[in-house]
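Top line first, the protein sequences correspond to chains A and B. In this text, residue positions in the first sequence follow the working numbering: the first is 5, and each later residue adds one. In this text, residue positions in the second sequence follow the working numbering: the first is 5, and each later residue adds one. The next block holds one structure in the form of C-alpha cells; read it before the comments.
Protein chains: 2
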Amino acid sequence: MEDRNAAPRCEFLYVHEDVVEQVNQAMPQEEHLFDLAELFKVFGDSTRIRILYVLFEAEMCVCDIAQLLGMTQSAISHQLQVLKKSKLVKYRREGKTVFYSLADDHVRAILDQGMEHVTE
Amino acid sequence: MEDRNAAPRCEFLYVHEDVVEQVNQAMPQEEHLFDLAELFKVFGDSTRIRILYVLFEAEMCVCDIAQLLGMTQSAISHQLQVLKKSKLVKYRREGKTVFYSLADDHVRAILDQGMEHVTE
DNA sequence: CTTTCATATGAGCATTTGTTCATATATAGT
DNA sequence: ACTATATATGAACAAATGCTCATATGAAAG
Chain A
5 MEDRNAAPRC EFLYVHEDVV EQVNQAMPQE EHLFDLAELF KVFGDSTRIR
55 ILYVLFEAEM CVCDIAQLLG MTQSAISHQL QVLKKSKLVK YRREGKTVFY
105 SLADDHVRAI LDQGMEHVTE
Chain B
5 MEDRNAAPRC EFLYVHEDVV EQVNQAMPQE EHLFDLAELF KVFGDSTRIR
55 ILYVLFEAEM CVCDIAQLLG MTQSAISHQL QVLKKSKLVK YRREGKTVFY
105 SLADDHVRAI LDQGMEHVTE
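Following this line, the structure appears as C-alpha cells:
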C-alpha cells in the first residue's frame, strides 16, 4: 500500500485535467468560502429569521421584539448580539431603550432569494 | 404579580397598534420561516458550500469531489445526502459511479447574493 | 457466486449552538 | 444615593451538528 493524501483515491479521476483546472480557478478564496458559510449560519435559525422579518417592518426595541415573538428578553438579546456581530442589524440608544434596525438592503435580498426557493 | 405570557413585558410597547398589525400581516407563515431557516442552515457549512461551488463547474462523482476538496469519501457522501434532502443537488447513476449536479439555478442565485455581502 | 470498487449509512464522539437563569450594566427618576 | 426599568452577558445544559470508523449496499467483472 503506497502513501496517500488525506483524500481517498478512486481508481482514476473521472474529471479531466482541464476540469480540475477550471474548478480551481473558479473556486473563490478559502477565506471567502468560510465567511459565506458563517453568514448563512446566521440565517440558519428561525428565531433570527423572525427577528429580521420583524425589523423589515420597523425599527424596534428588544422588549417589543420579544413580545411580538413570544420569547424572553434574554433570548432575543443574545440573538441580536449574533446579528450585530455579523453586521446584519444596527442599533441606536434612546435613554434606557435600544432600538434595532436592519443594517442594509442586502439582508432583505438574501432572505427574499431564499424564500423564493422555499415557497415555490 | 399578575399572570403573564411566555414573553416578558416592558412598561409599555413602543410600537403602536398599527405597527403590530403591520408586522403580523407582513410576517410569512410560521412554516415558511422554519423552512427558510432550514434552507440557510444547509448553506451554513463550508464543506457544503465548497461542494456546491465545485458543482457549479461540472457534474462530478463523489470520489472526485472528495479528492478535489481533500476530504474523505464518507464525509462528502454524508454532506451530499444533506444537500440531496434539501433538493439542492440531484444525482445520476452510471455503473458504480454516482454523478452529482446542481438541482437548479436558485442555488447559484442564493450563493451569489450572499457572496456579494461577504466580499463587499 | 465471489471479488472489487464506488457509494451509502449507522454508531460514536467532540464541538457547536440556542435557550434559561442569574446577574451585571446603563440610564432615568426620586 | 437609591430604585426601577431596559438591555447585556456569563455559566450551564440539552440538543443538534460534522466528522471518523466500520460496515453495508449496489453494480460490474471475473
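Using N, Cα and C, we set each Cβ at its ideal position, and we do this for glycine too. Note that the structure is predicted; figures quoted are calculated from it, not measured.
When the beta-carbon positions are compared, Phe44 (chain A) and Gly118 (chain B) come within less than 8 Å of each other. Between the region 23 to 31 of chain B and the region 60 to 79 of chain A, the count of Cβ pairs shorter than 8 Å is three or higher; the stretches touch. Under DSSP, Met64 (chain A) shares a beta bridge with A:Tyr104. Below the 7 Å Cβ cutoff, chain A contributes Leu43, His110, Ile114 as neighbours of His121 (chain B), in chain order.
Counting along the chain, the unbroken alpha helix (DSSP H) around Val46 (chain B) starts and ends at 34 to 47. Annotation: the continuous beta strand (DSSP E) that includes Lys94 (chain B) extends over 93 to 98.
Only buried fits Arg52 (chain A), as 16 or more other CB atoms lie within 10 angstroms of its CB.
Proximity of chain A to Tyr95 (chain B) at the Cβ level (cut-off 9 Å) is not reached, the minimal Cβ distance being about 14 Å. At least one CB atom of chain A sits nearer than 8 Å to the CB of Asp39 (chain B).
The beta carbon of His36 (chain B) falls within 8 Å of a beta carbon belonging to chain A, placing the residue at that interface. Residue range 109 to 123 is occupied by the alpha helix (DSSP H) that includes Met119 (chain A). Proximity of the region 106 to 118 of chain A to the region 88 to 97 of chain A meets the contact definition, three or more beta-carbon pairs being nearer than 8 Å. Distance check between Pro32 (chain A) and each of B:Glu42, B:His20, B:Leu56, B:Met31 places B:Leu56 closest, using alpha-carbon atoms only.
For Val23 (chain B), the enclosing alpha helix (DSSP H) begins and ends at 21 to 30. The beta carbon of Tyr57 (chain B) sits closer than 8 Å to some beta carbon of chain A. Secondary structure note for Leu87 (chain B): its alpha helix (DSSP H) is the uninterrupted segment 77 to 89.
In the three-state reduction of the DSSP assignment, Leu59 (chain B) falls in the helix class, which pools H, G and I. The three-state secondary structure of Leu17 (chain B), taken from DSSP, is coil. Here Ala41 (chain A) really is in contact with Ser50 (chain B); their C-beta atoms are around 4 Å apart, less than 8 Å.
Contact between His121 (chain B) and Ile114 (chain A) holds: their C-beta atoms lie close to 7 Å from each other, under 8 Å.
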